[in-house]
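So the sequence lines, in the order shown, correspond to chains A and B.
Per our numbering: the first sequence ends with 179, consecutive numbering throughout.
Per our numbering: the second sequence ends with 264, consecutive numbering throughout.
Built from N, CA and C at the ideal position, the CB exists for glycine as well.
The structure appears below as structure tokens.
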Amino acid sequence: MNQPDELILEMQQGSEKAFAQLYEMYSRAIYSVIHVILRDNDLTEEVLQDVFIKVWKNANSYSIEKGRFYTWLLNIARNTAIDKTRSKSFKNANKNLSTDNFVYVIGGHNDLNQKTDAIGIQKFVDKLKPLCIKLLDLLYFKGYTQSETAEELETPLGTIKTRARNCIKDLRKLTLQEV
Amino acid sequence: MKKIEEIIESGTLELYVTGALSQREAMEVEDILEEYPDVKKEVEKIEATLMNLSYDKSFTIPDSVWEGVLNSIKGVRKLNVPKKTTKLPMMTGWAAAIVFLLGIFWMLKENNTLENQVQVTSTQNAILKGKVTTTEEALASSQELLDIIRSKDYREVNLPGNVAVSPESYAKVYYNDDEKIAYIDARGLPTPPSGKVYQVWSLIMDPLTPRSVGLLDNYESTDNKVFKLENIPDPEAFGITLEPEGGSESPTLTQLYTLGMVSP
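Here it is in structure tokens:
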């Protein structure tokens, strides 16, 4: 999407109004990323709140010249959510949980996910190739680097980019139809 | 243009958006984005696709999340506004600098004014001190006069006005026999016309022998109109006449203003 640079600058200068608009634009996507990691609505809301508090406090560590705002948000969200998985409250809530990727969660293979389809991922999942699902899980939801992804998938480093390209291309077709 | 297509098709942009590129590679992408708007558009599309993955009109995040954010950011943020991304802080800085300079100039000017005022004030002070001194001196001399008048060594001689010449006039003489000093209080005399001066005479009545004892010089400029005269010969009476400037050998009796007998 078109990055709202003006709003970001205003937020960096302390505008709560601009910050509220940015929250409107990005919170849902960030919510879904957190939810895929934590698989719990309450915890996700808690972490989402933490993420946006961090965004406000560290707003000036983001620079428009140094990357996408959304990518910056993603990093904060994934790190905060992963930190949460190490917490006691998460471990207690997910004692029997063992999942490999977001499809597993969304696919209804555990008891906690009755509301997960609400975040809207499921409707695309069935139509994506398994490798694509795996790629999205690692790259997008888990924040793996290129080489980490290659290692995880036991594929040559050079093929990751091409596969990511094709995967997101497919996804794009699906989401454009939907939206 | 081939380069652009190559980049778009390579999959680098997808990894760029998910944050999977190394820092070096990401920076390379940044450079390309700045140069080629088409590549930037592609990045925006990829980003939108990923964000749409969670798109669902029916799903809303509870308001309590945003409320929680708002509550905890109130007054928390310290504003470290980045240098590159905005010109406002720089302008504010310059504005502050200008205001500061203007302030300094204003203070210098104010300082100057104050220094001038100090000078004026100290001049006024000096003048006032002078006045005080003068007043103190006047007071001292008044005190001295008062002491003399009250002293038992001085006799008071009243010199009533000569009815024929100036009935309103009067004078007083305070006379010390031993020291032959007389103080003439001439306040009751009219200011002498220019070119004229009062002359004080000591008189012996039989035979009538007038002897000059002095002139009341600078009558107008002497504030208290008290004049000290010395070497007074033994007088039986004092008279004051109006004489031409410089005084006369013998009194002009037609201009005798006051005359008074010394009581024995």
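{"Check": "Classification of A:Val105 by the beta-carbon crowding that lies within 10 angstroms, buried from 16 upward", "Outcome": "Reliability fails at A:Val105, whose pLDDT of 48 lies under 50, so the model's placement of it is uncertain and the value that follows must be treated cautiously. By the 10 Å Cβ count, A:Val105 comes out buried."}
{"Check": "Cβ neighbour criterion (16 or more within 10 Å) applied to B:Met205", "Outcome": "exposed"}
{"Check": "Closer than 8 Å at the beta carbon, the chain B residues around A:Arg39", "Outcome": "Per Cβ cutoff of 8 Å: no residues; A:Arg39 is ~14 Å from chain B at best."}
{"Check": "Euclidean distance between Cα positions of B:Pro210 and B:Leu229", "Outcome": "16 Å"}
{"Check": "Exposed unless 16 or more other CB atoms sit within 10 angstroms - verdict on A:Gln49", "Outcome": "buried"}
{"Check": "Cβ shell of A:Tyr26 (< 7 Å), same chain only, five flanking positions each side left out", "Outcome": "Tyr70 and Leu73"}
{"Check": "Neighbourhood of B:Thr254 by C-beta, 8 Å cutoff - its chain only, sequence neighbours within 5 removed", "Outcome": "Val165"}
{"Check": "Endpoints, alpha helix (DSSP H) assigned at A:Tyr31", "Outcome": "Glu16 to Leu38"}
{"Check": "N-terminal and C-terminal residue of the alpha helix (DSSP H) that B:Phe100 is part of", "Outcome": "Leu88 to Arg150"}
{"Check": "Endpoints, the alpha helix (DSSP H) within which A:Arg78 is located", "Outcome": "Phe69 to Thr85"}
{"Check": "Beta-carbon gap between A:Leu153 and A:Gln146 smaller than 8 Å", "Outcome": "no"}
{"Check": "Status (buried if at least 16 other CB within 10 Å, exposed otherwise) for A:Leu38", "Outcome": "buried"}
{"Check": "Cutoff 8 Å: A:Ala164 Cβ touching any chain B Cβ", "Outcome": "yes"}
{"Check": "Whole-angstrom distance between B:Gly11 and A:Thr162, CA atom to CA atom", "Outcome": "5 Å"}
{"Check": "Residue-chain proximity (B:Pro37, chain A), Cβ-Cβ < 8 Å", "Outcome": "no"}
{"Check": "Three CB pairs or more closer than 8 Å across the segment 167-182 of chain B and the segment 241-256 of chain B", "Outcome": "no"}
{"Check": "Closer than 9 Å at the beta carbon, the chain B residues around A:Ser27", "Outcome": "Ile61, Val65 and Trp66"}
{"Check": "Separation of A:Glu148 from A:Val33, as counted between CA atoms", "Outcome": "19 Å"}
{"Check": "The segment 148-166 of chain B in contact with the segment 114-134 of chain B per 3-pair CB rule at 8 Å", "Outcome": "no"}
{"Check": "At least 3 beta-carbon pairs within less than 8 Å: the segment 75-92 of chain A vs the segment 22-30 of chain B", "Outcome": "no"}
{"Check": "Simplified DSSP assignment, three categories, for B:Thr18", "Outcome": "helix"}
{"Check": "Residues near A:Tyr62 in its chain [Cβ-Cβ closer than 6 Å; skip 5 each side]", "Outcome": "Trp72"}
{"Check": "Best match in B:Val262, B:Glu179, B:Asp147 and B:Ile240 for proximity to B:Pro192 [C-alpha to C-alpha]", "Outcome": "B:Ile240"}
{"Check": "Best match in B:Pro89, B:Asn231, B:Ala140 and B:Leu15 for proximity to B:Glu44 [C-alpha to C-alpha]", "Outcome": "B:Leu15"}
{"Check": "Residues bridged to B:Phe238 (per DSSP)", "Outcome": "B:Ser202 and B:Gly260"}
{"Check": "Sub-8 Å separation of A:Asp182 and A:Cys132 beta-carbons", "Outcome": "Outside the modelled stretch of chain A, which goes from 1 to 179, sits residue 182 of chain A, for which no answer is possible."}
{"Check": "Own chain residues within Cβ distance below 8 Å of B:Val17, not counting five before or after", "Outcome": "Val43, Ile46, Glu47 and Leu50"}
{"Check": "According to DSSP, residues forming a beta bridge with B:Ala171", "Outcome": "B:Leu159"}
{"Check": "Alpha-carbon spacing of B:Met261 relative to B:Pro160, whole angstroms", "Outcome": "10 Å"}
{"Check": "Cutoff 6 Å; reference B:Lys196; Cβ partners in own chain excluding five residues on either side", "Outcome": "Leu242"}
{"Check": "B:Ser72: contacting residues in chain A (beta-carbon distance under 7 Å)", "Outcome": "Ile53"}
{"Check": "Environment of B:Asn224 [buried if 16+ CB atoms lie within 10 Å]", "Outcome": "exposed"}
{"Check": "Check whether A:Tyr31 and B:Trp66 have beta carbons under 8 Å apart", "Outcome": "no"}
{"Check": "Nearest-angstrom Cα separation, counted from A:Asp42 out to A:Ser15", "Outcome": "28 Å"}
{"Check": "Endpoints, the alpha helix (DSSP H) within which B:Arg24 is located", "Outcome": "Gln23 to Glu35"}
{"Check": "Whole-angstrom C-beta distance between A:Val51 and A:Phe141, which should lie under 8 Å", "Outcome": "Rounded, the Cβ-Cβ distance is 15 Å, inconsistent with contact."}
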